[in-house]
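I have placed the structure first, in the form of structure tokens, so that the comments after it can refer back to it.
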Amino acid sequence: MSNYNSHIPKYVQIADSLRKKVDEMYKEGRERFLSDDELINMFNVSRMTIRQAVQLLVEEGLLQRIQGKGTFIVRKDKLKTDIAKLDTFFRGWYLKNFNVELLFRGSVPCPEGIDVKLGVKPGEEVYQVKRLRLSEGIPIVIDNRYLLKKYGEQITDEEYVNYSFSHLFLNKFNMSLTEGEIEIEAVLASQEISNILGVSVGSPILYRSVDLKVKEDCVLTGASSYRGDMYKYKSVLSLE
1 MSNYNSHIPK
11 YVQIADSLRK
21 KVDEMYKEGR
31 ERFLSDDELI
41 NMFNVSRMTI
51 RQAVQLLVEE
61 GLLQRIQGKG
71 TFIVRKDKLK
81 TDIAKLDTFF
91 RGWYLKNFNV
101 ELLFRGSVPC
111 PEGIDVKLGV
121 KPGEEVYQVK
131 RLRLSEGIPI
141 VIDNRYLLKK
151 YGEQITDEEY
161 VNYSFSHLFL
171 NKFNMSLTEG
181 EIEIEAVLAS
191 QEISNILGVS
201 VGSPILYRSV
211 DLKVKEDCVL
221 TGASSYRGDM
231 YKYKSVLSLE
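According to the numbering used here, the sequence shown is numbered sequentially starting from 1.
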């Protein structure tokens, strides 16, 4: 693109071309957008001009920059979870289009409030597991869970990455979860969540707390932080 209108800033004209490119790539099912270097070669302009053009599309909600990963096309169809069926909700997450990274596992002093749920003494060691779920390379969900140490330390890294906790409790410990309690609220992204999910501090986050029980005993508790711009929940209510 070399014939620029001198009355309109170059980055504005380039942004107009990029909108069409974004639409083409989205229809092709592509997630990652062109790199700055590719765009510099394509339009034969400076890096600053390309960054200004891309930033316009970021502000319009068409693109998203994730530090250390690149520029991505924003999904128009958010990932959905149906919470109407408890079994599907708790057992099926690892079967969806997610890759999972294990961020942390290990014994920690039980945080305040968690001790009451797990039935342990304040400060007693429990097991913490933090996992990151990604869809096509984009961080979507941070799962932070606490469970009794005697269970947590028996589970391998591979099992944490490939299976849900309901699957692990049933198949590894012969314990069938009988009750699950969830609570969903909207919160703002903290600095830690911002760093992991690649969103701005203060961005909307869907925060889902969860308690899983075997009979009357809570065996696992914790919360998940979902990107508000790429995830939504659905529930079907029966009026009969």
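Glycine included, every Cβ here is placed at the ideal spot set by N, Cα and C.
Computed from a predicted structure; not experimentally measured.
If you scan the stretch 153-223 from start to end, which runs of the alpha helix (DSSP H) of 4 or more residues do you find wholly inside it?
-> 157-162, 165-173, 191-197
Could you name the residues of the same chain whose beta carbon sits closer than 8 Å to that of Ile40, not counting the 5 residues immediately before and after it, in chain order?
-> As a position in the sequence shown, residue 40 is number 40, starting the count at 1. The residues are Ser46, Arg47, Ile50.
7 Å CB neighbourhood of Gly70 in its chain, flanking five on each side removed | What you label residue 70 is simply residue 70 of the sequence shown in a count that begins at 1. Contacts found: Arg32, Ser35.
Could you give the DSSP three-state label for Arg227: helix, strand or coil?
-> To locate residue 227, count along the sequence shown from 1; it is residue 227. Three-state DSSP puts Arg227 in a strand.
For Asn99, the nearest candidate out of Phe43, Tyr163, Phe173, Glu181 (CA to CA) | Walking along the sequence shown from the start, residue 99 turns up at place 99. Looking at the Cα atoms, Tyr163 is the closest of the given residues.
Quickly, what does DSSP pair Pro139 with across the bridge? List them, please.
-> Along the sequence shown, read from residue 1 onward, the residue named residue 139 stands at position 139. DSSP output for Pro139 lists Leu134 as bridge partner(s).
The alpha helix (DSSP H) enclosing Leu17, as first and last residue numbers | Along the sequence shown, one-based indexing puts residue 17 at 17. Strictly speaking, residue 17 in this sequence is Ser, with Leu absent from that position. Looking at the DSSP string, the run of the alpha helix (DSSP H) that includes Ser17 is 10-27.
Spell out whether any CB of chain D is found under 8 Å from the CB atom of Leu18.
-> Given the protein chain composition of this structure (a single chain), no chain D is represented.
Local Cβ density within 10 Å of Ile8, reported as buried at 16 or more and exposed below that = The residue given as residue 8 occupies position 8 in the sequence shown. Exposed, because fewer than 16 other Cβ atoms sit within 10 Å of the Cβ of Ile8.
So Leu245 and Val74 are in contact, right, with Cβ under 8 Å, and what is the actual spacing, rounded?
-> Coverage of the chain is limited to positions 1 through 240, which leaves residue 245 absent and any answer about it impossible.
Can you tell me which of the three DSSP states Glu125 falls into?
-> Walking along the sequence shown from the start, residue 125 turns up at place 125. In this structure, Glu125 counts as strand in the three-state DSSP scheme.
Which residue or residues does DSSP assign as beta-bridge partners of Gly119?
-> As a working note, residue 119 is residue 119 in the sequence shown. Looking at the DSSP assignment, Gly119 forms no beta bridge with any residue, so it has no partner.
So Leu57 is in the alpha helix (DSSP H); what residue range does that whole segment cover?
-> Translated into the one-based positions of the sequence shown, residue 57 becomes position 57. Looking at the DSSP string, the run of the alpha helix (DSSP H) that includes Leu57 is 47-59.
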